[in-house]
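Engineer:
Protein chains in written order, with the working numbering: chain A, 9 to 169; chain B, 9 to 169.
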């Protein structure tokens, strides 16, 4: 299973993540942009994801909640900037529990033939906001989500493709 | 006349700008959020600003053009994140000439009594994007705009206030 590469340099309000996935980019792209697929992998296994809004166009809004076993909900939202495509996705990201704190994410899908290199670039308003996101358990949640994505892609990708 | 303080550290995809203005923050805030006032100061004097959209609410869009003497237009747009207030404005920013390149701006208005310290924090997707913005003449345009803002505030602020 591929490993996630995460860079968070001291003094820079940015997190760079990359991970190679074992599926062609058209299939990987679908798992990022089709709500029925996205809910199957984004975030830790213990949370149930529900997408309220997913208006995938330039200026369109998205919103989802993650609910834990106790019923506690964590809501996230943002707005797509430019129309998402195989060339990439640009979107804002907010946790509703910290209003006014916004980050800007750019996701790209590099074609490696039968594999895809996904890169996520997130920039934050400050290093403090970036660090708070990391300390909230970002990396563990990210890794667990990407492991689930590996499993989903194995189901979606024809054997021998 | 106050000077603009601009920080653009090497290797950090961010620009921090601060400037003290000679008016109470309620008046300064109006010049950032009322289209009739904003067009009187934002940008260099040689450009004519026209606001097409200015939907000042959470999730609302804005768009304006700057036109030079030759009739060439430069269009900019973005989306407000959170409802703008005296506590600050968070918005995205795009030059339509470079689609896919987005920055995230946070403006705050610090109350200094009869004066206001305005801080603008812009984060970019990369240091390269940040540097391209600076090389496009950002600082000169910013200073000229803020000089025009000083002039506008002098007209809006009661004498002796």
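Don't be surprised by glycine CBs; every beta carbon is placed ideally from N, CA and C.
Is there a C-beta anywhere in chain A that falls below 8 angstroms from the one on residue 69 (chain B)?
Structural biologist: Output row for residue 69 (chain B): interface = yes.
Engineer: Sorry if obvious, but does the Cβ on residue 95 (chain B) come closer than 7 angstroms to a heavy atom of the ligand ADP?
Structural biologist: Absent from the structure shown: the ligand ADP. Ligands present: none.
Engineer: Is residue 93 (chain A) buried or exposed, if buried means 16 or more other CB atoms sit within 10 Å of its CB?
Structural biologist: exposed
Engineer: So, is residue 9 (chain A) buried or exposed, given that buried needs 16 or more other C-beta atoms within 10 angstroms?
Structural biologist: For residue 9 (chain A), the predicted structure reports a pLDDT of 47, less than 50, and the residue's modelled location is therefore unreliable. The matter cannot be settled from this model.
Engineer: Do residue 60 (chain B) and residue 89 (chain B) have their CB atoms nearer than 8 angstroms?
Structural biologist: no
Engineer: On the DSSP bridge assignment, give the partners of residue 70 (chain B) in chain order.
Structural biologist: B:62 and B:86
Engineer: At a CB-CB cut-off below 7 angstroms, which residues of chain B make contact with residue 104 (chain A)?
Structural biologist: Ordered by position in chain B, no residue passes the 7 angstroms Cβ test against residue 104 (chain A), which lies about 11 angstroms from the chain.
Engineer: In whole angstroms, what is the alpha-carbon distance linking residue 82 (chain A) and residue 163 (chain B)?
Structural biologist: 47 angstroms
Engineer: Going by DSSP in three states, residue 170 (chain B) sits in which element: helix, strand or coil?
Structural biologist: With chain B running from 9 to 169 in the structure shown, residue 170 (chain B) is simply not present.
Engineer: Between which two residues does the beta strand (DSSP E) carrying residue 112 (chain B) extend?
Structural biologist: First-last of the beta strand (DSSP E) with residue 112 (chain B): 111-120.
Engineer: Looking at C-alpha atoms only, which residue of A:47, A:21, A:53 and A:29 is the closest neighbour of residue 152 (chain A)?
Structural biologist: A:53
Engineer: Can a CB atom of chain B be found closer than 8 angstroms to the CB of residue 107 (chain A)?
Structural biologist: yes
Engineer: Looking at chain B, is there any beta carbon in it that lies within less than 8 angstroms of the beta carbon of residue 89 (chain A)?
Structural biologist: True, the Cβ-Cβ gap to chain B drops below 8 angstroms.
Engineer: Could you list the residues in the segment 127-159 of chain B with a C-beta less than 8 angstroms from some C-beta on chain A, going in chain order?
Structural biologist: Result list: 129, 131, 132, 133 and 134.
Engineer: Name the residue from A:43, A:39, A:76 and A:20 whose alpha carbon lies nearest to the alpha carbon of residue 56 (chain A).
Structural biologist: A:76
Engineer: Quick check: what's the CA-CA separation for residue 100 (chain B) versus residue 33 (chain B)?
Structural biologist: 22 angstroms
Engineer: Give a yes or no on whether the C-beta atoms belonging to residue 84 (chain A) and residue 104 (chain A) are separated by under 8 angstroms.
Structural biologist: Taking C-beta atoms as the reference points, residue 84 (chain A) and residue 104 (chain A) count as a pair closer than 8 angstroms.
Engineer: Apart from the five residues on each side of it in sequence, which residues of its chain come closer than 6 angstroms, Cβ to Cβ, to residue 74 (chain B)?
Structural biologist: Within its own chain, the residues whose Cβ lies closer than 6 angstroms to the Cβ of residue 74 (chain B), once the five positions on either side in sequence are excluded, are 51, 55, 57 and 82, listed in chain order.
Engineer: Which residues in the same chain have their Cβ closer than 6 angstroms to the Cβ of residue 109 (chain A), if we skip the five residues on either side of it in sequence?
Structural biologist: 137
Engineer: Taking the C-alpha atoms as reference points, what is the distance between residue 128 (chain B) and residue 102 (chain B)?
Structural biologist: 16 angstroms
Engineer: Taking a cut of 9 angstroms between CB atoms, which residues from the segment 28-54 of chain B lie near chain A?
Structural biologist: none
Engineer: Taking the alpha-carbon positions, what's the residue 69 (chain A) to residue 63 (chain A) distance?
Structural biologist: Going by the C-alpha atoms only, they are around 5 angstroms apart.
Engineer: Here's the rule: buried if 16 or more other CB atoms are within 10 angstroms of the residue's CB, otherwise exposed. What is residue 145 (chain A)?
Structural biologist: exposed
Engineer: Is it true that the segment 153-160 of chain A meets the segment 17-30 of chain A, where meeting means three or more beta-carbon pairs spaced less than 8 angstroms apart?
Structural biologist: Because the criterion of three Cβ pairs below 8 angstroms is met, the segment 153-160 of chain A and the segment 17-30 of chain A touch.
Engineer: To the nearest angstrom, how far is the alpha carbon of residue 149 (chain B) from that of residue 12 (chain B)?
Structural biologist: Their backbone Cα atoms lie some 12 angstroms apart in a straight line.
Engineer: Whose CA, out of B:133, B:20, B:98 and B:35, lies closest to the CA of residue 166 (chain B)?
Structural biologist: B:35
Engineer: What residues in the segment 13-28 of chain A have a beta carbon less than 9 angstroms from any beta carbon of chain B?
Structural biologist: For the segment 13-28 of chain A, which is checked against every Cβ of chain B, the residues closer than 9 angstroms are 17, 19, 20, 21 and 22.
Engineer: So which of B:79, B:96 and B:78 has the shortest CA-CA distance to residue 40 (chain B)?
Structural biologist: B:96
Engineer: According to DSSP, simplified to helix, strand and coil, what is residue 50 (chain A)?
Structural biologist: coil
Engineer: Against chain A, with Cβ distances strictly below 8 angstroms, would residue 98 (chain B) count as a contact?
Structural biologist: yes
Engineer: Kindly give me the distance between the Cβ atoms of residue 131 (chain B) and residue 112 (chain B), rounded to whole angstroms, as I take these residues to be in contact under 8 angstroms.
Structural biologist: The pair is a contact, with the Cβ atoms about 5 angstroms apart (cut-off 8 angstroms).
Engineer: Would residue 125 (chain B) count as contacting chain A if we go by Cβ distances under 8 angstroms?
Structural biologist: no
Engineer: Ordered along the chain, which non-local residues of its own chain (more than five positions away) have a Cβ less than 7 angstroms from that of residue 72 (chain A)?
Structural biologist: 57, 58, 59, 60 and 84
Engineer: In the DSSP assignment, find the alpha helix (DSSP H) that holds residue 143 (chain B) and state where it starts and stops.
Structural biologist: 135-143
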